[in-house]
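By this note's numbering, the letter at position 272 of the sequence shown is numbered 258, and the numbering carries on one by one without gaps. Think of the CB as a built atom: it goes at the ideal place given N, C-alpha and C, for glycine as much as any other residue. Here the structure is a predicted model, which is why all the values come from computation and not from measurement.
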Amino acid sequence: MSVIVRFAPSPTGLIHVGNVRTALMNWLYAHAHGGQFMLRLDDTDVARSTQAFADGIKKDLAWLGLAHDLSARQSDRFDDYERAVQSLKSSGRLYPCYETGEELDLKRKLQRTRGLPPVYDRAALELSDAERASLEAEGGAPHWRFKLSGNPVRWTDLIRGEVTIETSNVSDPILIRQDGSFLYTLPSVVDDIDFSISHIIRGEDHVTNSAAQIEIFESLGAAPPSFGHHPLLTGAGGEALSKRLGSLSIESMREEGIEPMALNSFLAKLGTSDPIEPRQKLEDLINEFNLAKLNRAPAKFDPQDLKSLNAKLLHEVSFDEVADKLKELGVDGGAAFWDAARTNIEQIADVKEWWTIVSGEINPVIEDAAWAAKAAELLPQGDFDDQTWGAWTTAIKESTGAKGRHLFMPLRLALTGRSHGPEMAKMLPLIGREKAHARLMGSTI
Ligand code: GLU
-13 MSVIVRFAPS PTGLIHVGNV RTALMNWLYA HAHGGQFMLR LDDTDVARST
37 QAFADGIKKD LAWLGLAHDL SARQSDRFDD YERAVQSLKS SGRLYPCYET
87 GEELDLKRKL QRTRGLPPVY DRAALELSDA ERASLEAEGG APHWRFKLSG
137 NPVRWTDLIR GEVTIETSNV SDPILIRQDG SFLYTLPSVV DDIDFSISHI
187 IRGEDHVTNS AAQIEIFESL GAAPPSFGHH PLLTGAGGEA LSKRLGSLSI
237 ESMREEGIEP MALNSFLAKL GTSDPIEPRQ KLEDLINEFN LAKLNRAPAK
287 FDPQDLKSLN AKLLHEVSFD EVADKLKELG VDGGAAFWDA ARTNIEQIAD
337 VKEWWTIVSG EINPVIEDAA WAAKAAELLP QGDFDDQTWG AWTTAIKEST
387 GAKGRHLFMP LRLALTGRSH GPEMAKMLPL IGREKAHARL MGSTI
């Protein structure tokens, strides 16, 4: 059987880290099994879905490198859903209901006060043809529910193992609203059948849906695919992640300088038995991916941990991999500059600060002008290399008696204008003799 999985977001908002984690799991699963990854836009809610959000989702996935092999949008497929509706109506699995929202609320309240689960009582199934006709004559268009079997639905979940849902404890799901629009439940099954989806990997908030959907697959004459329900990501305090939280959007992470592979590495390992370490290539994540490594508890997302991983990833990136980005940032220092700067950045744009120190003007900080002038005098002649700093500071130490912090800090402050930064042995050859000399003499060059 060929593996085809799908990521099925609704384009009603920006996608956030939780959604992308699901996308990544599906993408990795497809690639680990030589399969295909589909992007499906669940846009049956035409009022809330927008092209701008759809474009945003595609842009985010492309930025992360999660290319899709297939794509579809539900708003193109209403005819297909209509055919499924006819089939379910004729087999008696889809039935019209006329209760208003308030009536249903009231029923649920009464059930709760009697200590009963708030399951729909199927009163609509008891209506006679005459009662239905009179309700419709009063202007009450029906909504439509799928009639669950009342039997247990069982499957072997790729993540949760053996799952049993007693459908007798579940309300018959509404598939079509009173205004004729589809909820996602039926279109999703029709798509999964038509696009031969082999595995549905999604959040555990869908476990109950899955039981109903398995019965819908069967009642449409199709074998259900395999299911895997992963624990959700929560905020640091255990709260659900919301699309409304703009800071969790992929767009805002991109703007904050998070590298796509930092986010991929983080989300692929968060909530698994593997340590969270940077990986430079999706290939590495494919090789390490296994749904069996997922913990059963929800995983907490801490933006600070992501930032640390981003810094760690940058510290390990080779010059060749960042050369284009450095050029975009107007940084032209070659491999030697990258080697000096990379351990002192949290995001790539931070190199600009160190680049200014190497190539632009700074305000040297000098406490003892005479001592600094002496150090300037002792600067070695000829080209500087990674040995120059050692030789120079030894000479200053011998000549002035300064050592340790009292030797290194004044030099750093004079040459860079800052009290911290990349290794001076690497920075000095980049700054060069002329600038170093001038800065020690108090010039801003
Ligand atoms: N549009 C649904 C959601 O975002 C898709 C769920 C599924 O993967 O079936 O929750």
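Subject >> Nearest residue (CA-CA) to Q60, options S167, S120 and L256 >> reply: Comparing Cα-Cα distances from Q60 to each of S167, S120 and L256, the minimum goes to S167.
**OP:** Taking only heavy atoms of the ligand GLU into account, decide whether any of them is closer than 8 Å to the Cβ of S(-4).
**Re:** Distances between the C-beta of S(-4) and the heavy atoms of the ligand GLU include at least one below 8 Å.
**OP:** Take Y106 and list the residues in its own chain whose beta-carbon comes closer than 6 Å to its own, dropping the five residues that flank it on each side.
**Re:** Correct list, in chain order: S157 and D158.
Subject >> Alpha-carbon to alpha-carbon, R26 and P173 >> reply: CA-to-CA, the gap between P173 and R26 works out to about 11 Å.
**OP:** Would you please state the rounded distance, in angstroms, between the beta carbons of G214 and I145? I believe it to be under 8 Å.
**Re:** Yes, G214 and I145 are in contact; Cβ-Cβ is about 5 Å, under 8 Å.
Subject >> Whole-angstrom C-beta distance between I183 and P211, which should lie under 8 Å >> reply: Right, their Cβ atoms sit about 5 Å apart.
Original post:
How about Y170: is its Cβ closer than 8 Å to a heavy atom in the ligand GLU?
Top reply: Yes.
Subject >> Within the region 44 to 96, ranges of the beta strand (DSSP E) (whole runs, at least 3 residues) >> reply: DSSP runs (the beta strand (DSSP E)) wholly in the region 44 to 96: 56 to 59 and 80 to 83.
Original post:
Say the cut is 8 Å; is the CB of H54 nearer than that to a heavy atom of the ligand GLU?
Top reply: Distances taken from the Cβ of H54 to the heavy atoms of the ligand GLU include none shorter than 8 Å.
Subject >> A226 in three-state terms, based on DSSP >> reply: Secondary structure of A226 (DSSP, three-state): strand.
**OP:** Only counting runs of 4 or more residues, tell me where the alpha helix (DSSP H) segments fall wholly within the region 294 to 361, in order along the chain.
**Re:** Annotation: the region 294 to 361 contains the following complete segments of the alpha helix (DSSP H) (minimum length 4 residues), in chain order: 305 to 314, 320 to 327 and 337 to 345.
Subject >> L280 versus T(-2): straight-line alpha-carbon distance, rounded >> reply: Each residue's Cα considered, the two are about 28 Å apart.
**OP:** May I ask you to report which of helix, strand or coil DSSP gives S251?
**Re:** Helix, per DSSP.
Original post:
Could you give the distance in angstroms between the alpha-carbon of L113 and the alpha-carbon of E124?
Top reply: Whole-angstrom Cα-Cα distance: 15 Å.
**OP:** Determine the extent of the alpha helix (DSSP H) in which V176 is found, giving its start and end residues.
**Re:** Where V176 is concerned, the enclosing alpha helix (DSSP H) stretches over T171 to D180.
**OP:** Look at the alpha carbon of F370 and the alpha carbon of R425, and state the distance between them as a whole number of angstroms.
**Re:** It is roughly 16 Å from the alpha-carbon of F370 to the alpha-carbon of R425.
**OP:** Evaluate the contact criterion for the region 385 to 405 versus the region 416 to 425: three or more CB pairs, one atom per stretch, below 8 Å.
**Re:** Enough Cβ pairs lie closer than 8 Å, so yes.
Subject >> Any non-hydrogen atom of the ligand GLU within 8 Å of I179 CB >> reply: In this structure, I179 has its CB at a distance of at least 8 Å from all heavy atoms of the ligand GLU.
Original post:
What are the boundary residues of the beta strand (DSSP E) that includes G147?
Top reply: For G147, the enclosing beta strand (DSSP E) stretches over residues G147 to E152.
**OP:** Report the partner residues of H185 according to the DSSP bridge assignment.
**Re:** Its beta-bridge partners are S212.
Original post:
Quick one: Cα of A381 to Cα of I417, how far?
Top reply: About 19 Å.
Original post:
Below 8 Å, can you find three or more Cβ-Cβ pairs linking the region 335 to 343 to the region 361 to 380?
Top reply: Inter-segment contact for the region 335 to 343 and the region 361 to 380 is absent: fewer than three beta-carbon pairs are separated by less than 8 Å.
Original post:
Any chance the CB of D28 is under 8 Å from a heavy atom of the ligand GLU?
Top reply: Closer than 8 Å to some heavy atom of the ligand GLU: that describes the Cβ of D28.
**OP:** For the beta strand (DSSP E) holding F(-7), just list the boundary residues, first then last.
**Re:** Where F(-7) is concerned, the enclosing beta strand (DSSP E) stretches over I(-10) to F(-7).
Original post:
Could you check where the beta strand (DSSP E) with T142 kicks off and where it finishes?
Top reply: First-last of the beta strand (DSSP E) with T142: P138 to D143.
Original post:
For M239, is the classification buried or exposed, using 16 other Cβ atoms within 10 angstroms of its Cβ as the cut-off for buried?
Top reply: Taking every protein chain shown into account, the CB of M239 has 16 or more other CB atoms within 10 angstroms, so this residue is buried.
Original post:
How many Å lie between A53 and D41 at the Cα?
Top reply: Computed Cα separation, rounded: 14 Å.
Subject >> Simplified DSSP assignment, three categories, for F132 >> reply: In the displayed model, F132 falls within a strand according to three-state DSSP.
Original post:
For the ligand GLU, any of its heavy atoms closer than 8 Å to the Cβ of S174?
Top reply: S174 has its Cβ nearer than 8 Å to a heavy atom of the ligand GLU.
**OP:** May I ask you to list the residues that DSSP assigns as paired with A110?
**Re:** Note: A110 sits in no beta bridge, so no partner.
Subject >> Own chain partners of S259 with C-beta closer than 6 Å, once the 5 adjacent residues on each side are dropped >> reply: Cβ within range, chain order: K279.
Original post:
Nearest to L56 by alpha carbon, out of R79, Q22 and V71?
Top reply: The residue with the shortest Cα to Cα distance from L56 is Q22.
Original post:
Residues in its own chain within less than 7 Å of L393 by CB, not counting five upstream and five downstream?
Top reply: In chain order, T379, I382 and K383 place their CB closer than 7 Å to the CB of L393, counting only its own chain and leaving out the 5 sequence neighbours on each side.
Original post:
Of all the options W357, N137, I431 and L253, which has the alpha carbon lying nearest to the alpha carbon of G387?
Top reply: Closest option to G387, judged by alpha-carbon separation, among W357, N137, I431 and L253: W357.
Original post:
Short check: CB of R108 to CB of I202, under 9 Å?
Top reply: No. Outside cutoff.
Subject >> Nearest residue (CA-CA) to G20, options S304, S73, I272 and L312 >> reply: Taking only the C-alpha atoms, the option nearest G20 is I272.
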